[in-house]
């Protein structure tokens, strides 16, 4: 099986690709640059996910602080009417602040995934103009008939 496999150089020659004549030194330098980029990408991705973990820890601590200053302070007082309304204050403040943090976190995470992950791996930037999908253009003859 292995003897039937074509070398990469032979496959490229058969496809008509000309030999660009890269030396071993150029290939080594190119591989070193790619290695450094991959290591930096790994560190960057790890830092990004640590940021998400830190935000999730901050949610728990913020909720505890809000609880201590609203419901917790009124639990010791014994006034149940104030305790009843302080729960709604706690719920509103925690929901508002934590929801804003979650929305910001989700937006930044999606932005990071699109910008770093997608464009760093799959985006070619070949310069072709964006042409949106159109049923009218593709099925023009069928729709006119």
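Residue numbers (the numbering used here): 2 to 146. Where a beta carbon is used, it is the ideal one built from N, C-alpha and C, also for glycine. None of these values were measured; they are calculated from a predicted model.
**Study point:** CB of residue 87 within 7 Å of CB of residue 64, strictly
**Key:** no
Check your understanding: Of all the options 49, 44, 15 and 31, which has the alpha carbon lying nearest to the alpha carbon of residue 112?
Key -> 49
Exercise for review: Spatial neighbours of residue 72 within its chain, please: CB distance less than 8 Å, with the 5 preceding and 5 following residues excluded, ordered by chain position.
Suggested key: 84, 87, 88 and 91
Review point. Any contact of the region 56-70 with the region 99-113, i.e. 3+ C-beta pairs under 8 Å?
Key: yes
Point to revise | Simplified DSSP assignment, three categories, for residue 135 | key: coil
Point to revise | Helix, strand or coil at residue 95 according to DSSP, with G and I counted as helix | key: helix
**Study point:** Residue environment, residue 108, which counts as buried when at least 16 other CB atoms sit within 10 Å
**Key:** exposed
**Study point:** Cα-Cα separation between residue 68 and residue 98, rounded to whole angstroms
**Key:** 13 Å
Check your understanding: Excluding five sequence neighbours on each side, which residues of the same chain lie with their C-beta closer than 8 Å to the C-beta of residue 115?
Key -> none
Exercise for review: Could you tell me if residue 75 is buried or exposed, where buried requires 16 or more neighbouring beta carbons within 10 angstroms of its beta carbon?
Suggested key: buried
Check your understanding: CA-CA distance, residue 128 and residue 110?
Key -> 27 Å
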